[in-house]
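A.B. asks: Numbering-wise (UniProt numbering), the sequence shown opens with residue 1 and increments by one. Once you've had a glance at the structure underneath, I'll fire off some questions.
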Amino acid sequence: MDFCKNYPLPDWTAGFEHRSTSVSQLPYEEYTGILEKSASDTNDYRLIRLPNNLVVMCMQDSETETAAAALSVNVGSNMDPVELQGLAHFLEHMLFMGTEKYPDENEFSSFISEHSGDSNAYTQFSKTTFYLGVANDALEGALDRFSSFFTSPLFKRDCVDRELCAVDSEFKGLLTSDFWRSHQIECRLCTSDHPYSKFMPGNIDSLQQSAKDHGLDLHEELLKFYNKHYSSDIMKLVVCGNHALDQLVEWTVSKFSGIKSKGDNVQRIVDHPVTAEFLGKVVYYETVDETHDMRITFPVPDVKAMYRSDPFNYISHLINHEGQGSIMSHLKQKGWATSLGAYTNVGQDKGFGEFSVSIGTTPEGLEHYEDILKVVFAYVRMLVSSGPQEWVHSELSFQAKNGFDYKKKSGAVSQALSYMYLIFNEYVAPEHSLSKDSAYEEFDFDAILHCLSFINPDNFRVFIGATKHKSIDCSEVEPYFGAAYHVASFSADLLSELASNNTHVDGLALPEKNDFMPTDFTIKNTNILGAAPVLRPTLLRLDDNLELWFKQDDQFSTTKGNIYL
Numbered sequence: 001m002d003f004c005k006n007y008p009l010p011d012w013t014a015g016f017e018h019r020s021t022s023v024s025q026l027p028y029e030e031y032t033g034i035l036e037k038s039a040s041d042t043n044d045y046r047l048i049r050l051p052n053n054l055v056v057m058c059m060q061d062s063e064t065e066t067a068a069a070a071l072s073v074n075v076g077s078n079m080d081p082v083e084l085q086g087l088a089h090f091l092e093h094m095l096f097m098g099t100e101k102y103p104d105e106n107e108f109s110s111f112i113s114e115h116s117g118d119s120n121a122y123t124q125f126s127k128t129t130f131y132l133g134v135a136n137d138a139l140e141g142a143l144d145r146f147s148s149f150f151t152s153p154l155f156k157r158d159c160v161d162r163e164l165c166a167v168d169s170e171f172k173g174l175l176t177s178d179f180w181r182s183h184q185i186e187c188r189l190c191t192s193d194h195p196y197s198k199f200m201p202g203n204i205d206s207l208q209q210s211a212k213d214h215g216l217d218l219h220e221e222l223l224k225f226y227n228k229h230y231s232s233d234i235m236k237l238v239v240c241g242n243h244a245l246d247q248l249v250e251w252t253v254s255k256f257s258g259i260k261s262k263g264d265n266v267q268r269i270v271d272h273p274v275t276a277e278f279l280g281k282v283v284y285y286e287t288v289d290e291t292h293d294m295r296i297t298f299p300v301p302d303v304k305a306m307y308r309s310d311p312f313n314y315i316s317h318l319i320n321h322e323g324q325g326s327i328m329s330h331l332k333q334k335g336w337a338t339s340l341g342a343y344t345n346v347g348q349d350k351g352f353g354e355f356s357v358s359i360g361t362t363p364e365g366l367e368h369y370e371d372i373l374k375v376v377f378a379y380v381r382m383l384v385s386s387g388p389q390e391w392v393h394s395e396l397s398f399q400a401k402n403g404f405d406y407k408k409k410s411g412a413v414s415q416a417l418s419y420m421y422l423i424f425n426e427y428v429a430p431e432h433s434l435s436k437d438s439a440y441e442e443f444d445f446d447a448i449l450h451c452l453s454f455i456n457p458d459n460f461r462v463f464i465g466a467t468k469h470k471s472i473d474c475s476e477v478e479p480y481f482g483a484a485y486h487v488a489s490f491s492a493d494l495l496s497e498l499a500s501n502n503t504h505v506d507g508l509a510l511p512e513k514n515d516f517m518p519t520d521f522t523i524k525n526t527n528i529l530g531a532a533p534v535l536r537p538t539l540l541r542l543d544d545n546l547e548l549w550f551k552q553d554d555q556f557s558t559t560k561g562n563i564y565l
């Protein structure tokens with residue numbers, strides 16, 4: 001199911017030239033090609049590679065009031081030893097607990113807070129991300145402390161118990177989260193030896209107690225894990241501030257080149273965790289919140305290499321449509337649903353994916369979940385029989401390009417994390433390091449049909465969440481979160497009906513073409529920008545049915561308007 005194997009990795013050696021920093025004359029490589037950036041983007045960028053193969057995006061934002069940095073490493077819960085689940089998350093915590101240069105375990109957090117900043121980190125399936133925001137004049141000091149996490153961490157033994165408690169406390173905070181409860185049930189109901197089946201957050205039992213049960217020294221195992229997996233070759237870094245690019249590069253090269261290169265040791269996964277034995281099932285689980293949810297999931301290939309055509313974006317756009325002829329319109333008319341969202345979950349370097357249709361149902365809708373399935377599959381059959389429509393892709397591509405060219409600038413931390421996400425995809429070419437999400441230019445008819453082929457009645461399962469289920473005894477219990485659930489197989493008659501081309505649902509249709517796509521982005525009345533005093537609203541219409549006011553933007557010169565009803 002690995003689409004990516006058909007797509008060669010982009011050449012990240014071409015276009016890079018040797019450089020030296022302006023002050024210390026330290027070596028690095030700089031990308032000299034063109035970085036595609038938004039037409040409204042006033043930032044300056046420099047994409048570089050350090051001698052240890054760490055790829056860095058340096059970003060000068062002359063308008064930012066704060067600086068930021070974000071570093072991601074291609075190590076997550078997928079690398080946890082089976083007997084120490086949650087170890088990657090525990091390591092994330094321990095890295096904050098002092099370094100050789102700054103041994104005080106509170107030094108980093110104190111410095112950041114004293115300079116109007118904050119910091120955090122999070123562990124995911126296949127990566128761990130650390131980030132900070134700080135006053136511009138404190139960026140060098142922050143980077144010096146931040147980089148030492150990865151060059152000379154102390155991993156003090158006397159911090160182990162305290163940080164274990166912190167990890168356990170985070171886990172206990174998730175116990176009432178229906179997202180995490182259902183997620184762990186999903187992990188449990190897949191191939192047991194697949195990395196996806198692991199317990200990502202970790203707690204005292206999965207770490208401390210399990211280490212004792214297996215005769216392991218948790219502290220020693222932590223050191224082994226770090227020394228084996230944390231390599232500069234599988235890290236990416238973004239640094240943002242109002243400083244000149246030469247200065248940002250100087251700090252970055254001098255402080256982060258000391259991270260050890262251990263080679264590309266990423267664990268690449270090609271097998272899907274959800275195999276045939278787990279398909280054709282409905283999973284009932286009990287929720288904490290008073291809710292009625294239905295989620296239809298389809299195991300799909302890893303498609304992150306296909307960002308230029310993004311076929312699942314085409315599919316999810318049509319399924320998410322809520323106008324006349326849509327799934328949602330039909331379900332609302334029946335009184336069965338209140339919300340619907342279709343999306344693809346394909347993380348960086350995950351190696352597999354999942355396409356989901358998540359429906360917020362009414363109590364009556366939950367009782368008609370089989371009828372809802374018939375509507376969904378009838379709509380997918382309509383998409384297949386109609387064939388991929390180039391005009392739909394053109395609208396999506398046009399919207400993505402306009403959204404990119406006229407996007408609103410976010411804060412430094414948000415920018416750093418956003419660009420980190422883009423450059424972390426190993427299939428993104430250097431020139432698309434800033435524009436990957438708008439590089440949606442290729443209409444791939446065959447790829448869309450191929451992706452649609454995975455959304456079929458032989459390749460799905462359903463998760464149904466409610467506080468109580470009529471006539472269903474949720475007697476099985478997920479061991480970490482304590483969520484009660486029950487698994488049942490769909491009847492052969494239902495699966496046959498879902499697969500039948502004779503099953504028809506009246507009224508389902510593609511959306512109409514969007515006649516309101518903008519083509520002229522000229523700013524009108526620019527002569528009044530910065531007007532003093534500020535222009536007052538104008539009353540355009542007043543009658544028995546309507547009071548209509550207009551306020552000309554005289555401050556921001558953006559290609560956007562707001563309508564308040």
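C-beta atoms are modelled at their ideal positions from N, C-alpha and C, and glycine is treated no differently. Treat the numbers as computed from the prediction; the structure is a model and nothing was measured.
Going by other Cβ atoms of all chains shown within 10 Å of its Cβ, with 16 needed for buried, is Met-200 buried or exposed?
C.D. replies: buried
A.B. asks: Which two residues bound the contiguous alpha helix (DSSP H) that contains Arg-145?
C.D. replies: 139–151
A.B. asks: Please classify Leu-50: does DSSP put it in a helix, a strand, or coil?
C.D. replies: coil
A.B. asks: Could you tell me the boundaries of the alpha helix (DSSP H) in which Ser-496 lies?
C.D. replies: DSSP places Ser-496 inside the alpha helix (DSSP H), whose first and last residues are 492–499.
A.B. asks: Tell me the rounded alpha-carbon separation between Glu-163 and Phe-463.
C.D. replies: 34 Å
A.B. asks: Counting pairs of beta carbons, one from the segment 152–167 and one from the segment 87–107, are three or more of them closer than 8 Å?
C.D. replies: yes
A.B. asks: May I ask you to report which of helix, strand or coil DSSP gives Cys-165?
C.D. replies: helix
A.B. asks: Assign Glu-426 to one of two classes, buried (16 or more other C-beta atoms within 10 Å of its C-beta) or exposed (fewer than that).
C.D. replies: buried
A.B. asks: Whose C-alpha, out of Phe-16, Lys-224, Met-59 and Tyr-369, is nearest the C-alpha of His-292?
C.D. replies: Tyr-369
A.B. asks: Only counting the same chain, and skipping five residues up and downstream in sequence, which positions put a Cβ closer than 7 Å to that of Pro-457?
C.D. replies: Phe-377, Leu-495, Leu-498 and Ala-499
A.B. asks: Can you look up Trp-12 in the DSSP assignment and give me helix, strand or coil?
C.D. replies: coil
A.B. asks: On a CA-only basis, which of Ser-489, Val-346, Thr-338 and Leu-279 is nearest Pro-311? Give me that one, please.
C.D. replies: Val-346
A.B. asks: Tell me whether Met-235 sits in a helix, a strand or coil according to DSSP, three-state version.
C.D. replies: strand
A.B. asks: What does a CB cutoff of less than 7 Å around His-486 pick up in its chain, not counting 5 residues either side in sequence?
C.D. replies: Excluding sequence neighbours, His-486 sits near Tyr-284, Ile-472, Asp-473, Cys-474, Ser-475 and Glu-476.
A.B. asks: What residue from Glu-170, Ser-126 and Lys-407 has the CA that sits closest to Ser-38's CA?
C.D. replies: Answer by Cα proximity: Lys-407.
A.B. asks: Within 10 Å of its beta-carbon, does Phe-516 have 16 or more other beta-carbons around it, so buried, or fewer, so exposed?
C.D. replies: Exposed, since its Cβ has fewer than 16 Cβ neighbours within 10 Å.
A.B. asks: Nearer than 7 Å: is that true of the beta carbon of Val-56 relative to any heavy atom of the ligand ZN?
C.D. replies: No copy of the ligand ZN occurs in the structure displayed, which carries no ligand at all.
A.B. asks: When the Cα atoms are used, what is the spatial distance from Pro-103 to Ile-34?
C.D. replies: 42 Å
A.B. asks: Pick out whichever of Asp-144, Ser-40 and Arg-49 has its Cα sitting closest to the Cα of His-18.
C.D. replies: Comparing Cα-Cα distances from His-18 to each of Asp-144, Ser-40 and Arg-49, the minimum goes to Arg-49.
A.B. asks: From Glu-478 to Val-253, what distance separates their C-alpha atoms?
C.D. replies: 47 Å
A.B. asks: Here's a check: name, in chain order, each residue in its chain whose Cβ is nearer than 7 Å to the Cβ of Glu-290, leaving out the five neighbours to either side.
C.D. replies: Thr-467
A.B. asks: Starting from Asn-227, follow the alpha helix (DSSP H) in both directions and report where the run begins and ends.
C.D. replies: Residues 218–229.
A.B. asks: Quick check on the burial criterion: 16 or more other C-beta atoms within 10 angstroms. Buried or exposed for residue 579?
C.D. replies: An answer regarding residue 579 cannot be provided, because it is not within the stretch 1 to 565 covered by the chain.
A.B. asks: List the residues that DSSP assigns as beta-bridge partners of Glu-547.
C.D. replies: Leu-542
A.B. asks: Mind pulling the beta strand (DSSP E) runs of 3 or more residues that sit fully within the segment 70–137?
C.D. replies: 118–123 and 128–135
A.B. asks: Closest to Lys-281 by C-alpha separation, out of Phe-460, Asp-61 and Pro-10, would be which residue?
C.D. replies: The residue with the shortest Cα to Cα distance from Lys-281 is Phe-460.
A.B. asks: Which stretch, first to last residue, makes up the alpha helix (DSSP H) that contains His-330?
C.D. replies: Counted as a single uninterrupted DSSP element, the alpha helix (DSSP H) harbouring His-330 occupies residues 327–334.
A.B. asks: Who are the Cβ neighbours of Asn-53 in its own chain at under 7 Å, not counting the five residues just before and after it?
C.D. replies: Taking C-beta separations shorter than 7 Å and ignoring five residues to either side along the sequence, the partners of Asn-53 in its chain run Ser-232, Asp-233 and Ser-261, following chain order.
A.B. asks: Are Cys-451 and Val-239 touching if we call contact CB-CB under 8 Å?
C.D. replies: no
A.B. asks: Among Gly-76, Leu-154, Val-82 and Ser-152, which residue has its Cα nearest to the Cα of Tyr-122?
C.D. replies: Gly-76
A.B. asks: How would you write the range of the alpha helix (DSSP H) that Gln-184 sits in, first residue to last?
C.D. replies: 178–188
A.B. asks: Should His-504 be labelled buried (16 or more other beta-carbon atoms within 10 Å of its own) or exposed?
C.D. replies: exposed
A.B. asks: Between Tyr-379 and Leu-508, is the Cβ-Cβ spacing less than 8 Å?
C.D. replies: With contacts defined as CB atoms closer than 8 Å, Tyr-379 and Leu-508 qualify as a contacting pair.
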